[in-house]
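This report concerns only the one structure given below.
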Amino acid sequence: MKYRLFGKTGVKVSELCLGTMTFGRYTSKDDSFAVMDRFSEQGGNFLDTANIYNSGASEEILGQWLKGQQRDEYFIATKVRFPTGNGPNSSGLTRKHILQSVKESLKRLGTDYIDLLQVHAWDPLTPVSQTMRALNSLVESGLVRYIGASNFRAWQLALSLNDSRMGGLEEFSSLQPQYNLLTRATEYELIPLCSAEDIAVLPWSPLKGGLLSGKYLKGKKPENDETRIWENVRKGGAAPWEQNEDYVWSVVNAVRKVAEETGKTPSQVALNWLLSKKGVTSPIIGARNLSQLEENLGSAGWKLSREHMGILDEASNLFVSYPYDEESEEQQNYGRKN
Ligand SMILES: NC(=O)c1ccc[n+]([C@@H]2O[C@H](COP(=O)([O-])OP(=O)(O)OC[C@H]3O[C@@H](n4cnc5c(N)ncnc54)[C@H](OP(=O)(O)O)[C@@H]3O)[C@@H](O)[C@H]2O)c1
73 MKYRLFGKTG
83 VKVSELCLGT
93 MTFGRYTSKD
103 DSFAVMDRFS
113 EQGGNFLDTA
123 NIYNSGASEE
133 ILGQWLKGQQ
143 RDEYFIATKV
153 RFPTGNGPNS
163 SGLTRKHILQ
173 SVKESLKRLG
183 TDYIDLLQVH
193 AWDPLTPVSQ
203 TMRALNSLVE
213 SGLVRYIGAS
223 NFRAWQLALS
233 LNDSRMGGLE
243 EFSSLQPQYN
253 LLTRATEYEL
263 IPLCSAEDIA
273 VLPWSPLKGG
283 LLSGKYLKGK
293 KPENDETRIW
303 ENVRKGGAAP
313 WEQNEDYVWS
323 VVNAVRKVAE
333 ETGKTPSQVA
343 LNWLLSKKGV
353 TSPIIGARNL
363 SQLEENLGSA
373 GWKLSREHMG
383 ILDEASNLFV
393 SYPYDEESEE
403 QQNYGRKN
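Count along the sequence shown from 1, then add 72; that gives the number in my numbering.
What follows is the structure in structure tokens.
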């Protein structure tokens, strides 16, 4: 496993981060331990959870596993923002909720510090300056090492950075956006902003919840329908291919074609595409079990050719209009990153 710089912090994180969202629901405790053991054996040091995943079970399982490890070798990320209870103040990015949630996360994780505390999404009701001051106090007290944002729009991230800078406070070091071959709007504003500010980018759902693994085919039920996507469909939810169907299947077909030509699996191709993308630090891989993890670990350590990157870029390209359709002459001549 290779390591990459975590934004401008100087910290080195594994180029694949292990997501733990299925732990305690789709993935049993024993299987979760097996997945984390293998990830760690391969050099993975970066794990992502959230206070709300499976009502805290994900943090608890991760914490129990960490007890058998050398804590300082790992970079543990969690989140705060979404409801942890039914009360009017048990969600959001107020000082009140952030401090309460961190106290509970630390207990579940069985640790005395969190490496990366991420705000799970923007809170339209709380002044950004209150949030940034609460986060800064956690860093100063030593309970949190670094702070990050997730699911922000670019203006929200820019406003937060500006607030921190004006107040001499800790700034966001990372952004966790959805980013994959079927979700490329992230490239319009978020990636250039993060590159310009040297902010780590941690794409979530790199396989679009499993859709890019190649196991779904147009008009066919998968052989094994015990999957997260199919469970949602069984419960009456919309399948992720229902909107924009032609686009989805043409991207999936392109991934399958490149997989055939490279001798890799579709999951490995889709993940490698992300690993090669400008500005990306560590995609957060999801693995329901050990065999999925093994396969997904095989996405690192090699590089798609320019030709194969081109096929995937072309199939997944979004309509680009003003003001994103022009690169300035200076950018073309000097290759500026923003
Ligand atoms: N910040 C946020 O708002 C946010 C939101 C979502 C996720 N996340 C983070 O991102 C992490 C990854 O998200 P994700 O789980 O949605 O990632 P993903 O890689 O897009 O999807 C993972 C799912 O795809 C299927 N899969 C994975 N590898 C496979 C393989 N090799 N072959 C076939 N199927 C495979 C599995 O589901 P099935 O076996 O059920 O098909 C697995 O649970 C989460 O654990 C969490 O840490 C963050």
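Backbone N, C-alpha and C define an ideal beta-carbon position, used for all residues, glycine too.
Fewer than three beta-carbon pairs drawn from the stretch 311-318 and the stretch 269-278 are found closer than 8 Å, and the two stretches are therefore not classed as touching. Residue burial is scored here from C-beta neighbours: residue 95 has at least 16 other C-beta atoms within 10 angstroms and is therefore classed as buried. For ligand 1, no non-hydrogen atom lies closer than 6 Å to the CB of residue 195. No beta strand (DSSP E) of 3 residues or more sits fully in the stretch 293-364. Apart from the 5 residues on each side of it in sequence, residue 128 sits with its Cβ closer than 7 Å to the Cβ of 180 in its chain, given in chain order.
DSSP places residue 91 in the strand class (E or B) of the three-state scheme. Taking 7 Å as the cut-off, the beta carbon of residue 123 is found closer than this to the beta carbon of residue 152. In the DSSP assignment, residue 221 falls within the unbroken beta strand (DSSP E) covering 216-222. Cβ neighbours of residue 331 within its own chain (closer than 8 Å, five residues either side excluded): 286, 337, 338, 340 and 341. For residue 76, the pairing in a beta bridge is given by DSSP as 85.
Comparing C-alpha distances from residue 157 to each of 79, 173 and 383 shows the shortest one belongs to 173.
Closest by C-alpha distance to residue 130, out of 112, 99, 110 and 143, is 99. With respect to the C-alpha of residue 335, the residue from 380, 75, 268 and 164 having the closest C-alpha is 380. Spatial neighbours of residue 132 in its own chain (CB-CB distance under 6 Å, excluding positions within 5 residues in sequence) are listed in chain order as 180.
In this structure, residue 187 has its beta carbon at no less than 6 Å from each heavy atom of ligand 1. Contact fails between the stretch 317-326 and the stretch 353-362, because fewer than three Cβ pairs, one in each stretch, are under 8 Å apart. Classified as buried, residue 372 has 16 or more neighbouring CB atoms from the shown chains inside 10 Å of its CB. Taking a C-beta distance under 7 Å as the contact criterion, residue 245 and residue 79 qualify as a contact pair. Counting C-beta atoms within 10 angstroms of its own C-beta, residue 375 has fewer than 16 neighbours from the protein chains shown and is therefore classed as exposed.
The alpha-carbon of residue 268 is positioned some 15 Å away from that of residue 232. Taking the CA atoms as reference points, residue 318 sits about 12 Å from residue 254. The three-state secondary structure of residue 203, taken from DSSP, is helix. Taking one beta carbon from each stretch, the stretch 133-141 and the stretch 164-171 have fewer than 3 pairs nearer than 8 Å; the two do not touch. Taking a C-beta distance under 7 Å as the contact criterion, residue 213 and residue 248 do not qualify as a contact pair.
A Cβ-Cβ separation of about 7 Å places residue 120 in contact with residue 90 under the 8 Å criterion. In the DSSP assignment, residue 120 is bridged to 91 and 149. Per the coordinates, the alpha-carbon of residue 288 lies some 23 Å from the alpha-carbon of residue 257.
In the DSSP assignment, residue 244 is bridged to 219. Per DSSP, the continuous alpha helix (DSSP H) segment holding residue 170 begins and ends at 167-181. Of the heavy atoms belonging to ligand 1, none sits nearer than 6 Å to the Cβ of residue 345.
Setting aside the 5 residues that flank it on each side, residue 283 is surrounded in the same chain by 312, each with a C-beta closer than 6 Å to its C-beta; the list follows chain order.
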